[in-house]
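Right, one structure below, let's go through it.
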Ligand SMILES: *[C@@H]1O[C@H](CO)[C@@H](O)[C@H](O)[C@H]1NC(C)=O
Ligand SMILES: [Zn+2]
């Protein structure tokens, strides 16, 4: 009796676990295949309010320009290396303070990836790290309201491959740093920024080389923040409010 009860409880748990797994998978697949992943809403939130109108326009243009560089990872062995190199030139041009600040050391790692070391004033504090990637999966024009690498704005949205996976994070991090440097920002805690060029095809030459570089220097991180997607509204089934992933 007891054993049978335990068996049926086990079976029930297995069914529940399977159900949860399927639900999560469905949500993920749904999330990753939906059209909402083609555009990003232009925010009117609090942080933007601290920017001047000129800075706000600068931020929007920075993202649009990044979308226009087709940094596509076609397959495990094929990437648009011209675009990957161009992206490196692009960020140097758009974020001059980041690249000229005496607090920041910039290195190209693994051919096209970027590693920034931002030196804080208190070397006793353990550093953290921010990550993002700038390669994108392929996109053909079919099914797009505007061409996927045009970075066009339509009805208050910027459209394009990479707008929310993951050039938004790359540009967001660099733009934040650029604006902070402009305001005389000097961090107490050191931090690293890593931008991978082959995340969509496993990161063997980007993230892995960045890890090797940091390990060879004996660096231990306090924490690390990676791509977390956008604030999604109505994309994940069963949710009634915007969800920050
Ligand atoms: C690769 O990127 C360059 C821009 O950097 C672009 O001109 C070219 O059309 C792209 N090639 C392919 C096959 O997408
Ligand atoms: Zn991504």
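In our numbering, the protein residues as written are 436 to 680. For every residue, glycine included, the Cβ atom is placed at its ideal position computed from N, Cα and C. Predicted model only: the values in this text are computed from it and were never measured.
Heavy atoms of ligand 2 versus C-beta positions, residues under 6 Å = Residues flagged by the Cβ proximity filter: 568, 600, 601, 634 and 662.
Under the three-state reduction of DSSP, which class applies to residue 456: helix, strand or coil?
-> Caution applies to residue 456, whose pLDDT of 49 falls short of 50 and renders its modelled position unreliable; the model cannot decide the point.
Segment limits, beta strand (DSSP E) that includes residue 599 = Premise fails: residue 599 is in no beta strand (DSSP E) and is neither H nor E.
Comparing alpha-carbon positions, which option in 491, 511, 658 and 644 lies nearest residue 573?
-> 511
Check whether the Cβ of residue 518 sits closer than 6 Å to any heavy atom of ligand 3, and report yes or no.
-> With respect to ligand 3, the structure shown offers nothing to examine, as its ligands consist of ligand 1 and ligand 2.
Pull up the distance between the alpha-carbon of residue 464 and that of residue 540, whole angstroms please.
-> Caution applies to residue 464, whose pLDDT of 42 falls short of 50 and renders its modelled position unreliable; the value that the coordinates give is listed next. If you take the alpha carbons of residue 464 and residue 540, they lie about 39 Å apart.
Three-way DSSP call (helix, strand, coil) for residue 514 in this model = strand
In terms of residue numbering, what span does the beta strand (DSSP E) encompassing residue 567 cover?
-> 563-568
With distances taken Cα to Cα, identify the nearest neighbour of residue 607 among 526, 518 and 521.
-> Answer by Cα proximity: 526.
Given residue 505, which residues of its chain have a CB within under 7 Å of its CB, disregarding the five upstream and five downstream residues?
-> 515, 518 and 584
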